[in-house]
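Here is the structure we will look at.
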Amino acid sequence: MSEPVPLVAILLGSDSDWPKIRPAAEALEELQVSYQVRVMSAHRSPEVVREFVTGAAERGIKVILAAAGGAAHLAGVVAAHTTLPVIGIPVPTELAGGLDSLLSMVQMPGDVPVATVGVGSGGARNAGILAAQILALSDSALRERLVTFKRKLVEKVLAKDSALQSQLKKS
């Protein structure tokens with residue numbers, strides 16, 4: 084049996100970013116969305132980035148997640164070379180906790196959009212979910228999985244509230 088064609092590409096500026104970005108892949112796995120992960124640098128391998136991105140749509144990629152820290156130019160360089168949706172994931176850094184990465188991504192010039200999520204594992208997870216939501220616009224089965232996902236979120240919150248209310252009554 085062959086692997087499914089990846090619909091989402093997760094691009095990392097460095098392999099050391101993977102532990103911080105893994106929640107994006109986990110969210111895609113939960114929602115049964117195929118993806119691939121690659122390491123490529125906007126600064127160290129710009130031609131590799133250009134070649135990968137310009138051929139992405141023909142290979143079936145529909146959304147690109149681009150994670151980078153510090154100068155964090157990967158998402159912008161990717162967006163410059165494609166009409167596919169690009170979601171930037173700012174990677175936390177030692178210098179400013181990821182604020183430097185975030186500011187690099189959200190200050191894109193007009194006409195080169197990059198949707199950008201928050202810094203940290205919540206942001207990475209949200210990038211995966213956002214990619215699935217984009218894909219669900221043309222995939223009713225995925226849309227149903229997202230509806231189920233959202234329903235389960237409500238159930239988790241209600242269960243936590245119920246547990247807290249029980250604790251408070253005992254106090």
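Residues 84 to 254, numbered by our numbering, are exactly what the sequence shown covers, in order. Where is the CB? At the ideal position from N, CA and C, for every residue including glycine. Keep in mind the model is a prediction, meaning the values are calculated, not measured.
Euclidean distance between Cα positions of residue i and residue j
| i | j | result |
| --- | --- | --- |
| V132 | V169 | 13 Å |
| V195 | L148 | 15 Å |
| K239 | A246 | 11 Å |
| M123 | H156 | 11 Å |
| T199 | P173 | 8 Å |
| M188 | K252 | 47 Å |
| R242 | Q248 | The question names Arg, but residue 242 in the sequence shown is Ala. For A242 and Q248, the distance between alpha carbons rounds to 10 Å. |
| R121 | Q250 | 47 Å |
| M191 | A158 | 9 Å |
| E141 | D244 | 47 Å |
| A179 | H126 | 20 Å |
| S97 | P175 | 13 Å |
| A224 | R234 | 15 Å |
| G143 | Q119 | 11 Å |
Beta-bridge pairing of residue i - partner residues as DSSP gives them
| i | result |
| --- | --- |
| P173 | A151 |
| L94 | R121, A149 |
Contact belief for residue i with residue j at Cβ below 8 Å, rounded distance in angstroms
| i | j | result |
| --- | --- | --- |
| Q216 | L236 | Not quite, the Cβ-Cβ distance comes to about 14 Å (not below 8 Å), so this is no contact. |
| R208 | A110 | 5 Å |
| S184 | A151 | 7 Å |
| G80 | A139 | Because the chain spans 84 through 254 in this model, residue 80 falls outside it and cannot be assessed. |
| H164 | V197 | The pair is not a contact, with the Cβ atoms about 12 Å apart (cut-off 8 Å). |
| W101 | L94 | Actually they are not in contact, since the Cβ atoms of W101 and L94 sit about 11 Å apart, beyond 8 Å. |
Close-in-space but distant-in-sequence residues of the same chain around residue i (CB under 8 Å, 5 per side omitted)
| i | result |
| --- | --- |
| H129 | Residue 129 is actually Pro in this sequence, not His. Excluding sequence neighbours, P129 sits near V160. |
| L182 | V202 |
| G259 | Look at the range of the chain in this structure, 84 to 254, and you will see that residue 259 is not part of it. |
Test: residue i CB closer than 8 Å to a CB of chain B
| i | result |
| --- | --- |
| G171 | In the displayed structure, chain B is absent; only one protein chain is listed. |
Residues near residue i by beta carbon distance below 6 Å, same chain, minus five either side
| i | result |
| --- | --- |
| S117 | P87, P89, L90 |
| L114 | A215, R228 |
| V146 | V91, P168, A214, I217 |
| K103 | V174 |
Sequence-distant residues of the same chain with beta carbon closer than 7 Å to residue i, five excluded per side
| i | result |
| --- | --- |
| E177 | none |
Item to check | Runs of alpha helix (DSSP H) wholly within the region 182-223 (minimum 4 residues, chain order) | outcome: If we require 4 residues or more, the alpha helix (DSSP H) runs fully inside the region 182-223 come out as 182-189, 204-219.
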